[in-house]
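**Q** For the sequence shown, the positions run 1 to 394 when UniProt numbering is used.
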Amino acid sequence: MDQKRHIVHIDLDSFFVSVERKFNPALIGKPVLIGGSADRGVVASCSYEARKFGIHSAMPMKQAMKLCPHAIIVRGTHGRYSDASREVTEIIHDSVPLYQKTSVDEFYIDLTGMERFYDCYQIASNLRQRVIRETGLPISFGMASGKTVAKMATNASKPNGQLWIKPGEELAFLAPLSISKIPGLGESTSQKLYQYGIEKIGDLQRTNIRFLETVFGKAGTYLWEKAHGIDHSEIVPYSDRKSISTEHTFDVNVNDQRTLETILVSMTEELASKLRREDKLASCLAIKIRYANFETHTQQQKIALTAAEHILLPGVKNLLKKAWNQHRPIRLIGVRLSNLTTGRYQINLFEDNEERIRLYQAMDNINGRYGDKTVCRAAGMEIGTRNFNPFLKG
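#1: Note down, one range per segment and in chain order, each beta strand (DSSP E) of at least 3 residues found wholly within the stretch 126-167.
#2: Return the residue from the list Ala308, Thr296, Lys317 and Thr341 that minimises the CA-CA distance to Arg331.
#3: Find the nearest neighbour of Ala156 within the set Lys166, Leu67 and Lys181, judged by alpha-carbon distance.
#4: Quick one: any contact between the stretch 50-64 and the stretch 23-42, if contact means 3 or more CB pairs under 8 Å?
#5: If I'm right that Ile109 touches Val8 with Cβ under 8 Å, what's the distance once you round it to whole angstroms?
#6: If you compare alpha carbons, which of Ser145, Lys62 and Val104 is closest to Cys120?
#7: Express the C-alpha separation of Lys192 and Glu234 in angstroms, rounding to a whole number.
#8: Looking at the structure shown, is Ile347 part of a helix, part of a strand, or coil, going by DSSP?
#9: Does the beta-carbon distance from Asp36 to Glu49 come in below 8 Å?
#10: Does the distance from the CB of Glu261 to the CB of Lys317 come in under 8 Å?
#11: Which residue or residues does DSSP assign as beta-bridge partners of Cys46?
#12: For residue 431, which of helix, strand or coil comes out of DSSP?
#13: Is there contact here, the stretch 129-143 with the stretch 212-229, by at least three beta-carbon pairs under 8 Å?
#14: Can you tell me the Cβ-Cβ gap for Thr342 and Lys101, rounded? I've got them flagged as a contact below 8 Å.
#15: Out of Ala307, Arg290, Thr249 and Ile289, state which residue places its alpha-carbon closest to the alpha-carbon of Glu270.
#16: With a threshold of 16 other CB atoms inside 10 Å of the CB of Asp11, please say whether the residue is buried or exposed.
#17: Quick check: the Cα distance between Thr246 and Thr268, rounded to an integer number of angstroms?
#18: Just grab the DSSP bridge partners of Lys288 for me.
#19: Can you tell me where the beta strand (DSSP E) with Tyr99 in it begins and where it stops?
#20: Taking contact to mean 3 or more Cβ pairs, one atom from each stretch, closer than 8 Å, check whether the stretch 320-330 and the stretch 61-71 are in contact.
#21: Counting pairs of Cβ atoms below 8 Å between the stretch 87-96 and the stretch 123-136, do you hit three or more?
#22: Using the DSSP secondary-structure output, state which residues sit across from Val254 in a beta bridge.
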């Protein structure tokens with residue numbers, strides 16, 4: 001293992017809750033649930049006070065309220081989270097040479113090489129204090145020789161703490177932890193390990209790698225390496241795509257509303273699906289229309305952070321009404337989603353009910369396995385990817 005690396009994992013604590021508490025200090029110290037309605041919504045984020053009752057993100061709100069009847073439900077204010085994430089990103093960008101943003105509230109930083117001139121732990125400490133000072137948000141970090149142990153150190157230091165696992169200390173740090181603490185370890189794999197009496201990471205450290213490979217295949221090697229703190233994965237430099245767009249040029253100019261809306265539905269579906277695959281959310285929606293004489297008009301609107309078609313489609317249709325003089329035939333039409341934010345919230349947890357969330361997850365799984373538009377809205381079936389230009393990077 002390369003012990004010269006200095007990898008920092010930094011994570012904003014209960015991000016959505018912390019942002020809301022800045023605007024409403026009365027929420028401080030109370031069990032807070034961010035998300036949809038108490039009847040059919042789901043929990044997007046919850047405070048540490050709520051987690052003590054067994055509540056976690058993506059749990060049905062109805063179940064969460066049974067566990068903690070006195071919890072306070074707050075509807076998500078999407079723009080605040082995007083602004084706060086951008087603010088923290090700018091501080092990190094200004095402070096370190098190499099970082100990777102993996103979600104709206106999570107970053108990896110590579111300080112390798114800087115130890116020749118500076119104290120890397122002090123750099124990370126100063127950065128954390130600067131974020132707290134300038135944003136008012138609680139934030140934790142872990143530092144280690146690889147991404148996995150750094151992330152686990154962050155989790156161990158929460159809430160609002162910091163922890164350095166020095167080279168050579170990885171095994172001792174990991175050994176007493178539950179195997180459930182290994183990032184990315186699925187429930188079925190955990191259950192299988194439990195069946196073999198492997199409950200702690202220390203148990204996994206003592207297990208022969210050949211046995212793990214026999215039982216779990218390639219995943220066995222992954223498990224053994226994680227248990228030993230081995231992770232050579234690199235920090236991917238952060239460069240955030242700002243928009244995605246697509247457009248369609250008609251063979252014959254069109255002034256039929258149904259035809260135009262059909263194409264808009266299809267294009268919006270594919271863009272939204274691409275956002276979800278890339279773990280991104282958009283907060284600005286725009287359409288472009290070009291008339292037969294090449295006169296071009298665009299219309300845009302701010303939207304709540306989302307990657308869900310049922311949120312985007314009404315907006316797209318509304319923009320078409322605003323932008324299009326219905327007496328004039330259209331030569332080209334396009335859709336653009338911009339002001340993108342990195343985030344793992346693949347569907348709009350703030351607005352959606354359980355059924356809709358399961359629907360999106362099922363659609364994405366099927367389309368990911370069998371190809372785009374294997375499952376789509378009926379309105380979008382007439383237009384396929386090959387019938388219009390591929391995604392154009394903005």
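Glycine is no exception: its CB is placed at the ideal position from the N, C-alpha and C atoms.
**A** Taking the definition as stated:
#1: Whole beta strand (DSSP E) segments, 3+ residues: 139-144 and 162-164.
#2: Thr296
#3: Lys181
#4: yes
#5: 4 Å
#6: Ser145
#7: 30 Å
#8: With a pLDDT of 43 at Ile347, under the threshold of 50, the modelled position of this residue cannot be trusted, and the question is left open.
#9: Note on residue identity: the sequence assigns Gly, not Asp, to residue 36. In this structure, Glu49 does not lie closer than 8 Å to Gly36 by Cβ.
#10: yes
#11: Beta-bridge pairing links Cys46 to Leu33.
#12: As shown, the chain starts at 1 and ends at 394. That puts residue 431 outside it, with no answer to give.
#13: no
#14: 5 Å
#15: Among Ala307, Arg290, Thr249 and Ile289, the Cα nearest to that of Glu270 is on Ala307.
#16: With a threshold of 16 other beta carbon atoms within 10 Å, Asp11 meets it and is buried.
#17: Going by the C-alpha atoms only, they are around 9 Å apart.
#18: DSSP lists Thr298 and Gly334 as partners of Lys288.
#19: Tyr99 to Ser103
#20: no
#21: Yes, they touch.
#22: Ile330
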